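Quick mapping for you: the protein sequence lines, in order, are chains A and B.
So the number in the working numbering is just where the residue sits in the first sequence, counting from 1, plus 81.
So the number in the working numbering is just where the residue sits in the second sequence, counting from 1, plus 9.
As structure tokens, the structure follows; a few thoughts come after it.
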Amino acid sequence: MSALTFKLKLQTAQRIDVSPLTPDFLAGNSATDIAATELQCGNQRLRADAVFDISGDDSSNIVFDGANGKLDFIGSKMQSGNITVNGDAGAYLAFQMKKGSVTVNGNAGAYAASGLAGGTLHIHGNVGDFLASAIPGDKKGMKGGLVIVTGNAGDRVGDQMRRGIVLIEGNAGAYCASRMLAGTIGVMGSVGEYVGYGMRRGTLLLFSKPALHSTLQDCGTHTLPFLSLMFKSFRNLPTKFATINKNRVQRFGGDLANDGKGEILVFQ
Amino acid sequence: MIINGVQIDDTFAEAFGMRGTRIIITAQNHKWANIAAATMTGFATSVIACGVEAGIERELDPSETPDGRPGISVLLFAMSSAVLTKQLETRMGQCILTCPTTAAFSGIDEGYAEITRIPLSKNLRFFGDGFQTSKQFNGKRYWRVPVMDGEFLCEETTGMIRSVGGGNFLILAESQPQALAACEAAIEAMKQIPNVVMPFPGGVVRSGSKVGSKYKALIASTNDAFCPTLKGITKTDLSPEIESVMEIVIDGLSDADIRKATRAGIAAACELGAKNGIKRISAGNYGGKLGQFQFHLRDIMSGEAA
């Protein structure tokens, strides 16, 4: 069996909601059924075969070829299988995904990993604003799972994030870990201003000391045993974080304006 | 059956179903891991008055522990899951949480048909007074509790399984030093067997008991049939040349583990042989009426049940 491949052929002015094209939704469907799957595009509903050239038959392994940033909701609510995106992904990538893995060989848009509860999202490129954040109206962002970004991330990474691990090998924008509830975010590069704004709990791991506002306070430099355990759990991951073996950090606690139980750990 | 001049009695050890768990304790070095483990397994010789029977299983290299530090594995056994859970909680709180640099992790996660998760730091975390935080890695939850030496890191739960306690054998010798030397040799050999502990002081009991007493308040009393100083005035089980009897009690995660340990211990004791005053190996039982498990010494030593 070869991977079920959707090669983008239709260039549209509107965005396309491809949330039905997941391993769970397509499991057991015939080629005819898959071709007839309806996708929302603006105010139209388009057949999948009108948007994509479809080939392959293994619906547990889905590939989007020639993808562009207008394909929203890739891997939405996915519970099994793998999706590979060759090209860019639109907004809401891996939205509320529960299991499986999504790999993007390109960039991704806003709200990637929003509501992600399990599984792995690997973006080999940059990602837009609100990575692992809650969509407006939701009280929680990412709720579990793992996100790896090899490039840079936009503003508001982990806004209201509740659980899980986000590893960013590049830089992150402003308001990183804002209103964070729990979980772990690691950023190898720089972060923008207002880092940890309104952070309630959770851990932000940095490699250089950022500018901090006054409600994030220095708790001193410490050797934290849980970091050894955490980096050991990263050993087999395809990321630069897998090679880290340090547990000496400067700990900043806060945001004291919002309960103040979060922490920003800066490697020494 | 006679091994190296030592008679192996045609009898059996009678053992009971218990609940058992394993904890991995790590620390800055083996010295402090050992201190923590020794403290936690102190006053844990018999369920009669200690709640649990516990002991150190073995030292662990940094490569064998979850956090890559020197460690010790500890086994604890109790007659019920409720008692084991309570004893684990109090011993964790008073002996491990308090001990400098320690961390504690689950020692049973797989390999057994039925594993019940019981709290390790699930309740202990509240010592953190709201400053405690949890982290999940590879599907396991760990609690970080701020303490005065830094942070106490502890896995939320550990695995509890159905296990076996009360395996035993008696070493009968011509003198007290000879009985003790045989016990020491047996314990050294048994320490090499995984999944078992010998919970009594140094692994050895000198006050084996029988069920009941002339005093109504006592449920157990001295095993007068094996007391050498009573040979002439009680219904003794000892021949004239026996001057000292010592017992080794074994708790294990399975009956097979106890069989292996029993075989290793008796073999080591017999190696000293009759020329060193070791005359007989026997075992304690209740006529087969109380315990679910019977360990027949001759079957074990002949390899039939090993």
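Every residue gets a Cβ at the ideal spot worked out from N, C-alpha and C, and that includes glycine.
Remember, it's a predicted structure, so these values are computed and weren't measured experimentally.
{"Item": "Taking C-beta to C-beta, are residue 180 of chain B and residue 278 of chain B nearer than 7 Å?", "Value": "yes"}
{"Item": "Which of the three DSSP states is assigned to residue 284 of chain B in this structure?", "Value": "helix"}
{"Item": "Quick one: residues in its chain with C-beta nearer than 8 Å to the C-beta of residue 125 of chain A, no 5 flanking neighbours on either side, listed in chain order?", "Value": "95"}
{"Item": "Should residue 297 of chain B go down as buried or exposed, given a rule of 16 or more other Cβ atoms within 10 Å for buried?", "Value": "exposed"}
{"Item": "What are the residues that DSSP puts in a beta bridge with residue 136 of chain A?", "Value": "A:86"}
{"Item": "Looking only at C-alpha atoms, which of A:132, A:343 and A:119 sits nearest to residue 61 of chain A?", "Value": "Since the first residue shown for chain A is 82 and the last is 349, residue 61 of chain A is missing from the structure and cannot be characterised."}
{"Item": "Quick check: what's the CA-CA separation for residue 213 of chain B versus residue 328 of chain A?", "Value": "43 Å"}
{"Item": "Would you tell me roughly how many angstroms separate the C-alpha atoms of residue 254 of chain B and residue 58 of chain B, rounded to the nearest one?", "Value": "23 Å"}
{"Item": "Just to check my reading of the structure: residue 349 of chain B and residue 167 of chain B have Cβ atoms closer than 8 Å, yes? What is that Cβ distance to the nearest angstrom?", "Value": "Residue 349 of chain B lies beyond the stretch modelled for chain B, which goes from 10 to 315, so this question has no answer here."}
{"Item": "Give the secondary structure of residue 31 of chain B by DSSP, where H, G and I count as helix, E and B as strand, and everything else as coil.", "Value": "strand"}
{"Item": "Tell me residue 244 of chain A's beta-bridge partners as DSSP assigns them.", "Value": "A:224"}
{"Item": "Here's a check: name, in chain order, each residue in its chain whose Cβ is nearer than 8 Å to the Cβ of residue 15 of chain B, leaving out the five neighbours to either side.", "Value": "278, 279, 282, 283, 287, 288, 289 and 290"}
{"Item": "Quick check: the region 329 to 349 of chain A against the region 38 to 46 of chain B, are there 3 or more CB pairs under 8 Å?", "Value": "no"}
{"Item": "Are the C-beta of residue 153 of chain B and some C-beta of chain A separated by less than 7 Å?", "Value": "yes"}
{"Item": "Distance cutoff 7 Å, beta carbons only. Does residue 146 of chain B sit that close to anything in chain A?", "Value": "yes"}
{"Item": "May I ask you to list, following chain order, the residues of the region 300 to 314 of chain A that have a beta carbon less than 9 Å from some beta carbon of chain B?", "Value": "303, 304, 305, 306, 307, 309, 310, 311, 313 and 314"}
{"Item": "Going by the beta-carbon positions, is the gap between residue 219 of chain A and residue 237 of chain A smaller than 7 Å?", "Value": "no"}
{"Item": "Measuring CB atoms only, is the region 170 to 183 of chain A touching the region 106 to 125 of chain A, in the sense that at least three cross pairs come out at less than 8 Å?", "Value": "no"}
{"Item": "Tell me which residues of the region 61 to 83 of chain B have at least one Cβ-Cβ distance to chain A shorter than 9 Å, keeping chain order.", "Value": "75, 76, 77 and 78"}
{"Item": "Scan the region 67 to 150 of chain B and note each continuous alpha helix (DSSP H) run of 4 residues or more that stays entirely inside, going in chain order.", "Value": "90 to 100"}
{"Item": "Taking all protein chains shown into account, decide if residue 322 of chain A is buried (16 or more other Cβ within 10 angstroms of its Cβ) or exposed.", "Value": "buried"}
{"Item": "With residue 187 of chain B as the anchor, note down where its alpha helix (DSSP H) starts and where it stops.", "Value": "185 to 199"}
{"Item": "What residue range does the alpha helix (DSSP H) around residue 49 of chain B cover?", "Value": "39 to 49"}
{"Item": "Between which two residues does the beta strand (DSSP E) containing residue 346 of chain A stretch?", "Value": "343 to 348"}
{"Item": "Where does residue 314 of chain B sit, in a helix, a strand or coil, going by DSSP?", "Value": "Reliability of the predicted coordinates at residue 314 of chain B is poor, the pLDDT of 46 falling under 50, and no value is obtained from them."}
{"Item": "Touch check for the region 195 to 208 of chain A and the region 131 to 148 of chain A: three-plus C-beta pairs under 8 Å?", "Value": "no"}
{"Item": "What does the alpha-carbon distance come out to for the pair residue 182 of chain B and residue 251 of chain B?", "Value": "6 Å"}
{"Item": "Between residue 315 of chain B and chain A, is the shortest Cβ-Cβ distance under 7 Å, so that the two count as touching?", "Value": "Below a pLDDT of 50, predicted positions are generally treated as unreliable, and residue 315 of chain B, at 42, falls in that range; the measurement from the model is reported next regardless. No - not a single Cβ of chain A is within 7 Å of the one on residue 315 of chain B."}
{"Item": "Let me know if residue 278 of chain A comes out buried or exposed under the rule of 16 or more other beta-carbons within 10 Å of its beta-carbon.", "Value": "buried"}
{"Item": "Along the region 105 to 125 of chain B, where does the CB come closer than 8 Å to a CB of chain A? Name the residues.", "Value": "112"}
{"Item": "Taking 8 Å as the cut-off, does the region 189 to 205 of chain B touch the region 219 to 228 of chain B (at least 3 CB pairs, one atom from each stretch)?", "Value": "no"}
{"Item": "Count the other CB atoms within 10 Å of the CB of residue 272 of chain B; is the residue buried (16 or more) or exposed (fewer)?", "Value": "buried"}
{"Item": "Pull up the CB-CB distance for residue 201 of chain A and residue 226 of chain A, whole angstroms please, since I reckon it's below 8 Å.", "Value": "7 Å"}
{"Item": "Return no unless some Cβ of chain A is closer than 7 Å to the Cβ of residue 183 of chain B.", "Value": "no"}
{"Item": "So which residues on chain B does residue 265 of chain A lean against when the C-beta distance must stay under 8 Å?", "Value": "144"}
{"Item": "Counting only beta-carbon atoms, is residue 160 of chain B nearer than 7 Å to chain A?", "Value": "yes"}
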